[in-house]
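Chains A and B, in that order, are what the protein sequence lines are. Per my numbering, the very first residue in the first sequence carries number 2; after that it's consecutive. Per my numbering, the very first residue in the second sequence carries number 2; after that it's consecutive. Every residue gets a Cβ at the ideal spot worked out from N, C-alpha and C, and that includes glycine. These notes are about the structure you will find just below.
Number of protein chains: 2
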Amino acid sequence: MFSEEDKSYPIELVAEFLGVNSRTLYYYEKFMLVVPQRRGRKRYYSKSDIKWLEYVRELMYEQGMNLRSIIVLIKRRDRVIMDKCPEDVVNCFKNYLMRLKKEEEDNN
Amino acid sequence: MFSEEDKSYPIELVAEFLGVNSRTLYYYEKFMLVVPQRRGRKRYYSKSDIKWLEYVRELMYEQGMNLRSIIVLIKRRDRVIMDKCPEDVVNCFKNYLMRLKKEEEDNN
DNA sequence: CAAATTTTTCGTTTAAAGTGAAAAATGCTT
DNA sequence: AAGCATTTTTCACTTTAAACGAAAAATTTG
Numbered sequence: 002m003f004s005e006e007d008k009s010y011p012i013e014l015v016a017e018f019l020g021v022n023s024r025t026l027y028y029y030e031k032f033m034l035v036v037p038q039r040r041g042r043k044r045y046y047s048k049s050d051i052k053w054l055e056y057v058r059e060l061m062y063e064q065g066m067n068l069r070s071i072i073v074l075i076k077r078r079d080r081v082i083m084d085k086c087p088e089d090v091v092n093c094f095k096n097y098l099m100r101l102k103k104e105e106e107d108n109n
Numbered sequence: 002m003f004s005e006e007d008k009s010y011p012i013e014l015v016a017e018f019l020g021v022n023s024r025t026l027y028y029y030e031k032f033m034l035v036v037p038q039r040r041g042r043k044r045y046y047s048k049s050d051i052k053w054l055e056y057v058r059e060l061m062y063e064q065g066m067n068l069r070s071i072i073v074l075i076k077r078r079d080r081v082i083m084d085k086c087p088e089d090v091v092n093c094f095k096n097y098l099m100r101l102k103k104e105e106e107d108n109n
């Protein structure tokens, strides 16, 4: 029923693979840079999540971009980012933007 | 002979207008984010330079982008950036990139 | 329920961005 | 050309985002 692509990985494995501390992945999640599936409380990262994170790390470490810039580019649906950004993440951000918009509206 | 657009402004005035220290403008110049004309040693910023800097400050302060990200986007000729980036700066980067490339080649 | 695992919190470290102060370089005026 | 004023540069410090370590809190599982 499930394709190879549906495989998912726990945070420690992903962190190790990327060469970062798992705290860093929690940190990214606060900014909704990546939003892994949850089963109960536990996080599971899809292959698409991992590819996306690899790309982000490359932008950050090889190019010197910062987190916020990447978020700005996503919000602008910038081509540089969107080429590599998995659809799941795009959707996360769409939801994020909608929530922001709603909050603003409620404040009026 | 000279149009209104050819007016240019000394660094202190530009810094004050942007609300930054003039050292910050020297700092930006190291990265070729802005490259003012020189008469003798003295720097003169065009209106286009100033508009560009205003845009950069907005990206940095309102959006939270960092210098390096903006430079990455210029190098990538990113549309978001290029709309506002003066031709001088683009050319500087072209030259810079060519120099880098040549250096690399010479090291082989 | 106890043990093990995951998440969260708190505080610290590191590096880029920005700035202040003063030294060095340059230009201008007489 | 000498002396004064202005601009540029250097050096060292401050601030903040990003990343991390350790331990407390929460949760799942055996």
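The shortest CA-to-CA distance from Arg58 (chain B) to any of B:Arg78, B:Ile12, B:Leu74 and B:Val21 is the one to B:Val21.
Taken through DSSP and simplified to helix, strand or coil, Lys76 (chain A) comes out as helix. Using a Cβ-Cβ distance cut-off of 8 Å, the region 55 to 73 of chain B and the region 24 to 41 of chain B are in contact, since at least three pairs of beta carbons, one from each stretch, lie closer than that value. By a beta-carbon distance limit of 8 Å, Asp79 (chain B) contacts Asp79 (chain A). Their separation comes to about 7 Å. For Lys43 (chain B), the three-state secondary structure derived from DSSP is strand.
With respect to chain B, the C-beta atom of Met33 (chain A) has no partner C-beta closer than 8 Å. Beyond the five residues adjoining it in sequence on each side, Ala16 (chain A) comes within less than 8 Å, by CB distance, of Asn22, Ser23, Thr25 and Leu26 in the same chain, given in chain order. Non-local C-beta neighbours of Ile75 (chain A) in its own chain, meaning closer than 6 Å and more than five positions away in sequence, comprise Ile82 and Phe94, ordered along the chain. For Trp53 (chain B), same chain residues with a beta-carbon under 8 Å away, outside a window of 5 residues either side, are Val35, Lys85, Cys86, Pro87 and Val90 in chain order. Of all residues in the region 42 to 69 of chain A, only Gln64, Gly65, Met66, Asn67 and Arg69 place a beta-carbon less than 7 Å from a beta-carbon of chain B. In this structure, A:Glu55 is the residue among A:Asn67, A:Arg100, A:Glu55 and A:Gln38 with its C-alpha nearest to the C-alpha of Leu19 (chain A). Rounded to whole angstroms, the gap between the alpha carbons of Gly41 (chain A) and Arg100 (chain B) is 54 Å. Closer than 8 Å at the C-beta level to chain A, one finds no residue of the region 12 to 32 of chain B. With its beta carbon less than 8 Å from one in chain B, Arg77 (chain A) belongs to the interface. In terms of beta-carbon proximity, Val81 (chain B) lines the interface with chain A, with at least one pair separated by less than 8 Å.
At a cut-off of 8 Å between beta-carbon atoms, Val73 (chain A) makes contact with chain B.
When the Cα atoms are used, Asn96 (chain B) and Tyr46 (chain A) turn out to be separated by approximately 42 Å.
Taking all protein chains shown into account, Leu14 (chain A) has fewer than 16 neighbouring C-beta atoms within 10 Å of its C-beta and is therefore exposed.
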